[in-house]
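Enquirer: Protein chains in written order, with the numbering used here: chain E, 1 to 557; chain X, 558 to 1136; chain S, 1137 to 1541. Even for Gly, the Cβ is constructed at its ideal location relative to N, Cα and C. Here the structure is a predicted model, which is why all the values come from computation and not from measurement. Let me begin by handing over the structure; questions about it come next.
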Amino acid sequence: MTIRLPYEPLQRGPVGRRLAVVDYDAARDCFYPPVDLDDPLILQENGLEPRDSDPRFHQQMVYAVASQTLHTFDRALGREVRFRFQRSGGSNKRNQQHLRIFPHGMNEANAFYSRDLRALVFGYFSAEAEDAGPNIPGQPVFTCLSHDIIVHEMCHAIIDGMRGHFLEKTNRDSLAFHEALSDVIALLQHFTFPEPLLETIQRTGGRLHRSTLAPELSSDEDGVETGSGAIEANPLVDLALQFGESLGTRKALRSAIGVRPNKGDFEVVTEPHDRGAILVAAIFDAYFRVYTRRTRDLFRLADVAADYAGELHPDLANRLCSEATALASQFVQLCIRAVEFCPPVDLEFGDYLRALITVHCKLDVDDRDGFRDALIRAFGRRGIFPPDVRSMTESSLRWTPPAVRLYAPQALVDALREVDREDGSNQKKIAVLMHQFCEQNHDALGLTEGTIAVRSFHHAVRLLGAELEQAQEFVCEITQTKEVLPFPGSPEKIPLRGGTTLVVRNDGRIRYAIAKTLDAKRERAQLDYATGHEVGSADLYRGRVGVGELRALHRGY
Amino acid sequence: MPKNGKSDNQTPVAPTPNGDAQFRGPDPFGEYEPAYRSLRVYAFHPGLGRRSGNHLILRVPFEPLKPGPIGSRVRVIDESLEGEPLHPPVDLEHPDIIRNGGIEPSDGNPQFHQQMVYAVVSNMLRHFDRALGRQVRFRSKGTAEQKALTILPHGMKEANAYYDNEKVALSFGQFPAAQAKTGRNIPGQLVYACLSHDIVVHETTHALLDGLRPSFMESTNVDSYAFHEGFSDVIALMQLLTFPEPLLETIQRTGGRLYSASLHPELDGADQAEQNPLISLGQQFGQAVGAGDALRSAVGKPPDKDSLKETQPHPRGAIMMNAVFDAFFHVYARRTRGLFRLSARATGSEGDLHPDLARRLAADASQLATAFLQLCIRAIAYCPAVDMTLGDYLRAMMTVHARLDPDDRDGFRDALIDAFARRGIYPPDVASMSESELIWKPPRKPLSLDRQVVRQLRAADAGGYRDMEAEKLLHQFCEEHREDLGFIPDASLEVSPFHQAIRFVGPELDVAEELVCQVTQSMEPNKRGGAGVPPYRGGTTLIFGEDGQRGRLRYAITKRIDAERQAAQRKWLKANGIP
Amino acid sequence: MANPFPDKILNVRMYHVGFGDCFLLSFPSGNGHRHVLVDCGAHPKGTLGNLTEVAENIRDVTGNHLTAVVATHRHQDHIWGFERGIKTFETMTIDEVWLPWVEELGNPEARAMWRNHDGARAMLEARLKVAAAGPVQKAVAAVIANLKPNQVALDGLRSRFGRGIEGVRYLYGGYPDLVAPGGIDGLVVKVLGPPKTEAFLKRMRPPRAERWAPAASVDGNGIHDLMDSPFDERWLDPDKGKYWEAEPSRVFDQVERDLFKERMADSMDLAFALEDAVNNSSLVLMFLIGKYGLLMTGDAQWGSWDSWMTGDIGEETFKRVTLFKLGHHGSHNATPRSIINRLPENLTVLVPTHNTPFPTIPEPDLMAALATRSKDRVVRSDNTGKLPSGCTSGDFWIDFQMETD
C-alpha cells in the first residue's frame, strides 16, 4: 500500500520538520544507516520496496505512517498539532522541535511513547517458539513494521500534546482513555483504506460487523451487537495483527468487542488496556450502528437478505465500501475533535461522551444518520454514564454554558484573535489576561480560589461544522494543582488536579466552561484513588521511568 | 452571525464576579440561541405551485435582523429605483411571524417577496463563504471596509432584473405576462422576477463575482461578459440541484435521468410532457414574456465544435454553462450507474423508481451538485486578473480540483475536459487538452515572499482593514520580479487592495490555505489617444501558499500585455465600434 | 543425632540449595552449641529441590532447637525454605526471629513501600502475559517469580511459626547492638542495615565508580547479549552514527545519545529495580564473637551499603571481618568496588551461588577481585573450585570451622 504525504524537504534519517527517525539501537549500542528518501535511486522506485531485512525500509515506514497520523490530526483540527515538549512560539532550542522515532530502540517486545525522551521507541524481538502465528519461531519481529502500533504510539504522542494532564492517573479512566483513543484511531484508520476494506466487505457479506454481530442486529431493540468472538473473521478489527500474533494474543480488545456489552465490566475492570477496550468497543458499536443504518436501503435495493453471507454484487460492495470509508473518516474526525472539548484534567469516559455529543451537534445539527443516538446508546449499554448528568439524552449530555453569562474582556479577545501569530509574542499577554479573567470569575468557571495556571490556548477546531462562523472559537485550558501527602509520613507529596476548559466565542462570550472543580469531593476521590491499591503501578516508576512513559503499563505496546 | 459580531445586540460587558444579572431573561445561559433562521421560499417560481418540492425551507445562518429585512451583508429595501417606498418592510423578528415560522409562500404578498430575496441571497452568501473559507465581500471602493448588497425586490416595472455595480444593488422587475404562450400564467397577470429563485441567484452571483474580480466587468474580449453570464447561470442552476426535496420528485419523474428535458407525464397519454424545472433557467420568466419556454437550459443544444461562433454574452455564456453541466451529468451518471444496476432496472425505462433508489440518487445528485458548486466558486480565485476567457476558467477549475482531490476517483477532471472540448472551448496557449497541460504551471523559477508578509495580508483581509506596510512589501516583490511575473517593463503596477485569504477544504479534508493577490497593468494605446479609449489591460494573479518558513508563490497566472494581446484587444474594441 | 560439632568450634554451614541462601551458624556455648539460622530459600527457577531435606538436616544438627531464625529479606531465594520446610520448623523450638523493619505489619512507611512494590509487580506480570517472548521477558519472568511474596513463609516467620509474636524483632541499621542474644555468651550482633529511610532503599544502582558491569548494559544480567542482531552485519552503520553528530538540527547528538542510552538501559531493568529495592531491605548483620567477625550482608545493595560503609561504623566493621558472606550471589551490583580493599586480607569469603537462572552471576571480575584479596579463600556453595583450609564439604553443604578458646 502506498501512502501519499504532503511534501516536505527531508534530511537523511528521515528528518523532517516535526519528525525525526533515528535508527539507534540502545540494546546493542549501534546505529543502522539513515535512509535518504531524496536519493534519486529511491525516488524513481518511489520509495523503498517493503523488505523486512532492510532497516532503511523500516525507517521509511515509520516515518510515513507517523507523519500520516500527524496529518490526520492536523486536518481534523484545522491547525498544526504541537507536541507537549514544543514550546509555543518557536523560541526554543531547535532539537526540541522534533519527535524522535527509534525504529529499533530496544530489544524487547514492546513500543512506547516517552514525553521526557521526546521519543517513540519501537522494539524488536525474536518470535517465541510456540504460538508464533505466521512468524518463523525465533525470527526477528519488528514492532516498527506494524501499521497499528505506529499509529497507536503516535496517537499517544499527539494526545499528550493536546492534553498534557491526561497521562496522570487521577482516576481509573485517565490512562485507559489514552489507550482507548489511540486504539480507536488506529483501528478506524483501517476502515479508511478502500482496498483492504473492499475485500473484507466481500467476505463478510457487507455486514462489516457481521463477525462481531448478533443476528438480531436489525432489531434496533437490542441494537448493534458487537458480540460472537470470531474477530479473526474480520481482519480489520485485529489491532496490530503481526505483533499480536507473534506474542500469543491481544485479549483486551477481543474480550470487549468480542462479547455482549455488560454494564458490570465498567465497574470492575481497571487494567488500562482492558478498561480502554470498553470505550473502544462503545465507539465501534456506534460506528457499526450508523453504518447499518446508512446502508440498510442499499441492501434492500439489491434485495440481499439480512442473513446472506455470500459474495456480493460488486456494485453493492463498492457502495458499501465508500459508505464505510466515508463514515470511518467522519468518526476519526469526530473522535479527534472531541478531545478539544474535554476537561483539561481528571477525564472520565463519560466526559468524552459529552464532548463527542457537543462536537457532533456543531458538526451536523439535524443528525439524519443518528450518530448521537448511536453513541449515547453504545455508551449507555456499557454502563458508561457521565458524572452528574440528569439523563442520557442529547440535551443534558451537551456541555452547557456557565450558569451566568460571561464575556471575556475585549482586550483578551483581541489577543486571542492573534493567537496564531508566528513569533508567539502575544502568548504571554493572553496568559496574563486569561489569568486575571479566571481569578475574577473563578466561581462561574468552576475554579476554586488561587493556584490557577493557564496551560494552553489556541483556535478551536477551525473546520468545525458546516458553518464558517462557528469556527471562530478559542479553546483554553485552565488547571489547578494542590500538593498533598497521600498519607501521614508519606515520602512524597502527590498532586491533586482540577481545572476547566474554556471555549470562548469570537465575540468574547464564554460558550462552554467544561469544569472539573477541585472541590472537597474531587480531592477526596483523587486522594483515595492515589492511596488505593490500584495506583501503585506507576509510582515506583515515576522518576525512574518518567511519568510521560506509557510503556510501563503497555502490555506489548 | 456577523463577522466579529455579537449573536445578540448586547455588547460585551466587563464581567463581574457573579456574571451579569441583566441577562437573566427567558434564555439566561444562551442555550437556545439559534444557529439558523428557517425561511420559506419557492424552489423555482410561483408557477409550479407546490409540485416538485416548490415550497422549500431555506436555513440561513442566524443573524439579528432589522425590518426590511436588513442584515449585515444584505439589505432588502422595498423601494422603486426612483426611491419612493412601495411596501412596508417585513420584520422577521416579529413574534407573530416567528410563530408562523416565517411567511407562507405567496406571490401576492410583497412581504413574502422581501423574505424570499433575503433568504435566497443569504443562502448564496453562505455557499460562497463556505466554498472560499472566508467571508466574501461585495465590491467597494478603495477601502476594504465591508459593504452590504442592496436589493430592490420591486425596483422597476419591466421584464428585467440586473446588478448595478455602482450602487452595489440588485434590482428586480415586475411586469404583466404576455397574452399568448404564457404557460401556467394568466395572460396579463403580474409576474415578479424576484420570485424566480434562479433569477435571484443569477443576479446575486453577478454581484458576488464582481466583488471577487472587479476587473471582470471590463469587456476586453468576446468572453468577458459571456463569462459573467455563464458563471451566474452555472451557479443559479447548480445550487437548485443541491436541494434534495425538489430533486426527489424530478428524479422520480425522469426515471433518474435528471438531464432529460421533460418529465414523464403523470397521466400517461393524457398529459403533454412538462419541462424539467431543474434544468431550465427562468422558466416562468420565459413563459411570461411569451417565449413559451425557459430562458436557458442546463443541457441546451447538442454540443458542436463551432458553437462558439455565438458572440452574444448570454447565449455564449450558456455554452459554458452547458459544458459544466455536461460534465456534471456525466459524473452523476457514472456515479449512479452502479445503483441502477443494483436495483436491476434499466436506466431508460419509464415509471417510478424504487423509493430507496430515488432517495439514493437524490442524495448523490445533491452531494455532487454541492461539490461542483464549490469547485466552480473556488475556481474564481485561480482565474487571471484580467482579460478572462472561458478556456481560462477550465484551467482554473482543473487546477483547484487537482489541488484538493489528486486521485479524482469520480473523474471530475476528465468529464470537464471532454465537455469543454466537445464545445470547442479551448484555453489560449495550451499544447493539448490534457490534465497536466491545463493545470496552471508553477512559476518558472521558485519565488517566495516573507511568510510574515503573507500572514499580515491574510490577517488584514480577515480583520477587514488594510496593512499598508505589508502591501508595500508585496508591491516591491512585484517590482523586483516583473519579468518572472509576466509584467511589461514600461507600465505601472496596480496592486489591488483586496487580497483574498482563501481556505479550501477538500473531500479528504486536505486544506489549501492561500493568499490571492491581483496585480494589473494598463497601457495607454499609443497612436490613437483620445478620450474614452480604453487602455490595453494585462495583469497577473499571484497565489501564495505557506510552506515552512516561506510564503511560496504557487502560481502566477499571467496575462502579459504582449503584441498579441494588444492586437486581440484592439480587434475586439474595433468590433464594438471603438476606434 | 548428637551434636555434630566439636566443642569450642564455631561452625558455619553453607547449604547448597542452588541459587539461594541458607546458613547455619553454630556458636559454642556452655557444653554444646547454640544455633542461628540465617535465611533458608532458593530461587524457584534455580533450585535444587532439596529445601525440605535442608530443613530436616537443620532440625537434626540443632537438636530441634534454634536460638534465632534470621530472614534477611523476603525474596524466595532467601525464605522459600521456610515454606517448604514449614512442617519441620513448626516442630522445632525457636526462641527468636529477626526480620528487617519493612516486614513489620502496621508500619505505614512499610505499607506504602509494599503497595508500590506489589502494584509494580502486578503490572510487570500483566506485561509479561503478552510480552513473554524476548530474552528480556524471560529474564523478567525469572525475577518476578522470585518477587512473589511467600505469604506462608512470611506468616510463619512473623508468628515464630505459630508460637506467637513475642520474640520477633524487626531490625534496622542503627538498632541497639544485640548482646548475648538468646543467651549466647560472648556474641554481639551489630545491625548495619537495612536503612530506615526509603531514600536509601530506593537507591539501587551504585555510581559508576562502584559498579562492576559497564554502564551500557546495566540490565541486571547482560541479557541483551542473548539476542543476536536483527539485521545482518552489513547493515551496521559503518561510521557509527557520525552523521548524527554532524546533523544540523542536532536531534540526536552525543549528549542526547548518552541520555537515551542511560534511560533505555535503566528502564530495561524495571524488574531488577524492583528486586533491588527489596534487596536493599536486607538485614545486614555483623556477628562478633572472640576474634571473629561474621559479616552477613543478605542481598544488600548500594543504598544499604552507602548508609553505613562510610564513617566510623564502616571502619570498625571492615577491620574486624574474618568471614564475609558475599551479597546477592555475587551479582555485579550488590558489592561496591571500593570495599574490596577495605576488607582484611586474611578473610574468607562465602559465595552462595549457582549458574542458573542468571548465567552472568556471579560476576567474574568481582570473583577474581575477591580471590586475589582473600588469597584464594573464596568458597562457592556449588562447590566448584578447590576448598580453602578449614572447609569440609558434606552431602549438600560446606562446613567452615573456626577455633575459639
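(1) Using a Cβ-Cβ cut-off of 8 Å, state whether residue 38 of chain E counts as contacting chain X.
(2) What are the boundary residues of the beta strand (DSSP E) that residue 1537 of chain S is part of?
(3) Quick one: using the 10 Å Cβ neighbour count with 16 as the cut-off for buried, is residue 1118 of chain X buried or exposed?
(4) Listed in chain order, which residues of the stretch 12-29 of chain E have Cβ atoms closer than 7 Å to some Cβ of chain S?
(5) When you compare only the Cα positions, how much space is there between residue 1082 of chain X and residue 1092 of chain X?
(6) Would you mind sorting residue 803 of chain X into buried or exposed? The rule is 16 or more other CB atoms within 10 Å of its CB.
(7) Please confirm whether residue 1313 of chain S has its beta-carbon closer than 8 Å to some beta-carbon of chain E.
(8) Output the boundary residues of the beta strand (DSSP E) element that contains residue 1528 of chain S.
(9) Name the chain E residues whose beta carbon is nearer than 7 Å to that of residue 810 of chain X?
(10) Could you tell me whether the Cβ of residue 1365 of chain S comes closer than 8 Å to any Cβ of chain E?
(11) Which residues, in chain order, does the stretch 104-128 of chain E contribute to contact with chain S at a C-beta distance below 7 Å?
(12) Bridge partners for residue 119 of chain E per DSSP, in chain order?
(13) Is there a Cβ of chain E sitting closer than 8 Å to that of residue 1373 of chain S, yes or no?
(14) For residue 1140 of chain S and residue 1327 of chain S, what's the separation of their Cα atoms in angstroms?
(15) Report the rounded CA-to-CA distance for residue 1094 of chain S versus residue 1291 of chain S, giving the unit in angstroms.
(16) Residue 126 of chain E: buried (16+ other C-beta within 10 angstroms of its C-beta) or exposed?
(17) Using the C-alpha atoms, what's the distance from residue 1498 of chain S back to residue 1179 of chain S?
(18) If you draw a straight line from the C-alpha of residue 546 of chain E to the C-alpha of residue 118 of chain E, how long is it?
(19) Could you confirm whether any beta carbon from chain E is found closer than 8 Å to the beta carbon of residue 1110 of chain X?
(20) To be precise: take each residue of the stretch 53-76 of chain E, compare its Cβ to all Cβ atoms of chain S, and keep it if any distance is under 7 Å. Which residues remain?
(21) On the three-state DSSP scale, how would you describe residue 297 of chain E?
(22) Measuring CB to CB, does residue 352 of chain E end up less than 8 Å from residue 361 of chain E?
(23) Can you tell which of S:1433, S:1319 and S:1443 has its C-alpha closest to the C-alpha of residue 1422 of chain S?
(24) Contact criterion: CB-CB distance below 8 Å. Does residue 900 of chain X meet it with respect to chain E?
(25) Pair every Cβ in the stretch 627-642 of chain X with every Cβ in the stretch 864-876 of chain X, then say whether three or more of these pairs are closer than 8 Å.
(26) Any idea if residue 743 of chain X is buried or exposed, counting beta-carbon neighbours within 10 angstroms, 16 or more meaning buried?
(27) In angstroms with no decimal places, state the Cα-to-Cα distance between residue 991 of chain X and residue 974 of chain X.
(28) Using the Cβ count rule (16 or more neighbours within 10 Å means buried), how would you classify residue 664 of chain X?
(29) What does a CB cutoff of less than 6 Å around residue 850 of chain X pick up in its chain, not counting 5 residues either side in sequence?
(30) Which term fits residue 593 of chain X, buried or exposed, when burial requires 16 or more other beta carbons within 10 angstroms of its beta carbon?
(31) At the level of alpha carbons, what is the spacing between residue 1300 of chain S and residue 1233 of chain S?
(32) Out of curiosity, what's the CA-to-CA distance linking residue 714 of chain X and residue 400 of chain E?
(33) Grab me the residues of residue 983 of chain X's own chain with a C-beta within less than 8 Å of its C-beta, minus the 5 sequence neighbours each way, in chain order.
(34) Distance, Cα to Cα, residue 1034 of chain X vs residue 14 of chain E?
(35) Can you pull the chain S residues whose beta carbon is under 7 Å from the beta carbon of residue 31 of chain E, in chain order?
(36) Count the other CB atoms within 10 Å of the CB of residue 516 of chain E; is the residue buried (16 or more) or exposed (fewer)?
Expert: In terms of the structure at hand:
(1) Here residue 38 of chain E is taken as the residue at index 38 of the first sequence, counted from 1. Judged by the 8 Å Cβ criterion, residue 38 of chain E is not in contact with chain X.
(2) On the third sequence, position 401 is the one that residue 1537 of chain S refers to. Segment 1533-1539, the beta strand (DSSP E) holding residue 1537 of chain S.
(3) Your numbering for residue 1118 of chain X matches position 561 in the second sequence. Classification of residue 1118 of chain X: buried, given that the 10 Å Cβ count is 16 or more.
(4) Within the stretch 12-29 of chain E, the qualifying residues are 12, 15, 20, 22, 24, 26, 27, 28 and 29.
(5) Here residue 1082 of chain X refers to the residue found at position 525 when the second sequence is read from its first residue. Here residue 1092 of chain X refers to the residue found at position 535 when the second sequence is read from its first residue. When rounded, the distance between both Cα atoms is 6 Å.
(6) Residue mapping note: residue 803 of chain X aligns to position 246 of the second sequence, counting from 1. With 16 or more Cβ atoms within 10 Å of its Cβ, residue 803 of chain X is classed as buried.
(7) Taking the first residue of the third sequence as position 1, residue 1313 of chain S is located at position 177. No, its Cβ sits nowhere closer than 8 Å to a Cβ of chain E.
(8) The count along the third sequence starts at 1 and reaches residue 1528 of chain S at position 392. Per DSSP, the unbroken beta strand (DSSP E) holding residue 1528 of chain S starts and ends at 1527-1529.
(9) Position 253 of the second sequence holds residue 810 of chain X. Result: empty, since nearest Cβ-Cβ is about 19 Å, beyond 7 Å.
(10) Looking up residue 1365 of chain S in the third sequence gives position 229. At least one chain E Cβ lies under 8 Å of residue 1365 of chain S.
(11) 104, 105, 106, 107, 108, 109, 110, 117, 124, 125, 126, 127 and 128
(12) The count along the first sequence starts at 1 and reaches residue 119 of chain E at position 119. Partner(s): E:100 and E:114.
(13) In the third sequence, the residue the question calls residue 1373 of chain S occupies position 237. Taking Cβ atoms only, chain E reaches closer than 8 Å to residue 1373 of chain S, which makes this a yes.
(14) Here residue 1140 of chain S refers to the residue found at position 4 of the third sequence. Here residue 1327 of chain S refers to the residue found at position 191 of the third sequence. Looking at the backbone, the Cα of residue 1140 of chain S and that of residue 1327 of chain S are separated by about 29 Å.
(15) The structure shown has nothing for residue 1094 of chain S, since chain S only spans 1137 to 1541.
(16) Within the first sequence, the letter at position 126 stands for residue 126 of chain E. Flag for residue 126 of chain E reads buried.
(17) For this step, residue 1179 of chain S is matched to residue 43 along the third sequence. For this step, residue 1498 of chain S is matched to residue 362 along the third sequence. Looking at the two C-alpha atoms, the distance is approximately 15 Å.
(18) The residue you call residue 546 of chain E lines up with position 546 of the first sequence. The residue you call residue 118 of chain E lines up with position 118 of the first sequence. Interpretation of residue 546 of chain E is limited by its pLDDT of 28, a score under 50 that renders its predicted location unreliable; the figure taken from the coordinates is listed afterwards. In a straight line, the C-alpha of residue 546 of chain E is about 11 Å away from that of residue 118 of chain E.
(19) Locating residue 1110 of chain X in the second sequence gives position 553, counting from the first residue. No, residue 1110 of chain X lies away from the interface with chain E (no Cβ there is under 8 Å from its Cβ).
(20) Per Cβ criterion, the list reads 53 and 55.
(21) Counted from its first residue, the first sequence places residue 297 of chain E at position 297. Reduced to three states, the DSSP call for residue 297 of chain E is helix.
(22) Residue numbering aside, residue 352 of chain E sits at position 352 when the first sequence is read from its first letter. Residue numbering aside, residue 361 of chain E sits at position 361 when the first sequence is read from its first letter. Not a contact, by the Cβ cut-off of 8 Å.
(23) Taking the third sequence and counting its residues from 1, the one referred to as residue 1422 of chain S is at position 286. The candidate whose alpha carbon is nearest that of residue 1422 of chain S is S:1433.
(24) Locating residue 900 of chain X in the second sequence gives position 343, counting from the first residue. For residue 900 of chain X, the answer is yes, since a Cβ of chain E falls inside 8 Å of its Cβ.
(25) no
(26) For the purposes of this step, residue 743 of chain X is identified with residue 186 of the second sequence, where counting begins at 1. It counts as exposed.
(27) By 1-based counting over the second sequence, the position of residue 991 of chain X is 434. By 1-based counting over the second sequence, the position of residue 974 of chain X is 417. The alpha-carbon atoms of residue 991 of chain X and residue 974 of chain X are separated by roughly 8 Å.
(28) In the second sequence, the residue the question calls residue 664 of chain X occupies position 107. Answer is buried; the Cβ neighbour count reaches 16.
(29) As a first step, residue 850 of chain X is located in the second sequence; it is residue number 293 there, counting from the start. These residues qualify, in order along the chain: 843.
(30) Counting from 1 along the second sequence, the entry for residue 593 of chain X is found at position 36. By the 10 Å Cβ count, residue 593 of chain X comes out exposed.
(31) Within the third sequence, numbered from 1, the residue matching residue 1300 of chain S stands at position 164. Within the third sequence, numbered from 1, the residue matching residue 1233 of chain S stands at position 97. Near 11 Å, if we compare the C-alpha coordinates of residue 1233 of chain S and residue 1300 of chain S.
(32) On the second sequence, residue 714 of chain X is found 157 positions in, with the first residue counted as 1. On the first sequence, residue 400 of chain E is found 400 positions in, with the first residue counted as 1. Straight-line Cα distance between these residues: approximately 52 Å.
(33) For the purposes of this step, residue 983 of chain X is taken as the residue at position 426 of the second sequence. Around residue 983 of chain X: 948, 977 and 990.
(34) Within the second sequence, residue 1034 of chain X is the residue found at index 477, counting from 1. Within the first sequence, residue 14 of chain E is the residue found at index 14, counting from 1. The alpha-carbon atoms of residue 1034 of chain X and residue 14 of chain E are separated by roughly 34 Å.
(35) Within the first sequence, residue 31 of chain E is the residue found at index 31, counting from 1. Neighbours of residue 31 of chain E on chain S, chain order: 1373, 1376 and 1377.
(36) Residue mapping note: residue 516 of chain E aligns to position 516 of the first sequence, counting from 1. By the neighbour-count rule (16 or more Cβ atoms within 10 Å), residue 516 of chain E is buried.
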